[in-house]
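Structure first, then comments.
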Amino acid sequence: MPIAIWCILAAAILPILSAFPAKLNRDFDNSNPRNPDYWREGFRARAQAAQANGFEAFPFFAVSVFVAMSQGASPYWIDQLAVLFILLRLIYVFCYWTDRSNPRSLAWAASFITIVALFTSSLWS
């Protein structure tokens, strides 16, 4: 199975993992996990925002991998770009957790460019 397919699975799981550390707190009420008061500020708010953005980015990434594969792009470039996307998303989540907004925005922009490169890779690879 191509590495890029595994990256789709990683990209689907990453948003869930983005918010998980914020749930490791005595104040977290698993019977009311979407309580907006719990997610209102600080690390919890940033972790939840990273999760939301991960869910937003996932469909475009997954579709881009499938478009690249179905349109005859180089498997080498598909795999390289998919891995790069996952690494950039990990940096993005870390920057969100640690409240580093400028590097976070750079990681987001780079991951978006990676998605566009994947989507168009059959044209240039």
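According to the working numbering, the sequence shown is numbered sequentially starting from -12. Positions of the beta carbon are idealized from the N, C-alpha and C atoms, including for glycine.
Three-way DSSP call (helix, strand, coil) for residue i in this model
{"i": "residue 40", "result": "helix"}
{"i": "residue -7", "result": "helix"}
{"i": "residue 2", "result": "helix"}
{"i": "residue 109", "result": "helix"}
{"i": "residue 23", "result": "coil"}
Selection from the options that minimises the alpha carbon distance to residue i
{"i": "residue 45", "options": "66, 73, 67", "result": "73"}
{"i": "residue 1", "options": "16, 36, 29", "result": "36"}
{"i": "residue 110", "options": "-2, 7, 31, 60", "result": "60"}
{"i": "residue 112", "options": "58, 85, 82", "result": "58"}
{"i": "residue -9", "options": "87, 63, 86", "result": "63"}
{"i": "residue 71", "options": "85, 90, 86, 94", "result": "94"}
Residue i burial status per 10 Å Cβ neighbour count (16 or more: buried)
{"i": "residue 40", "result": "buried"}
{"i": "residue 117", "result": "Nothing in the structure corresponds to residue 117, since the chain is present only between -12 and 112."}
{"i": "residue 11", "result": "exposed"}
{"i": "residue 106", "result": "buried"}
Any contact of the stretch 84 to 100 with the stretch 50 to 57, i.e. 3+ C-beta pairs under 8 Å?
Taking one beta carbon from each stretch, the stretch 84 to 100 and the stretch 50 to 57 have fewer than 3 pairs nearer than 8 Å; the two do not touch.
Please go through the stretch 25 to 105 and give each complete beta strand (DSSP E) segment of 3 or more residues, from N-terminal end onward.
none
Is there contact between the stretch 12 to 22 and the stretch 73 to 84, where contact requires at least three CB pairs shorter than 8 Å?
no
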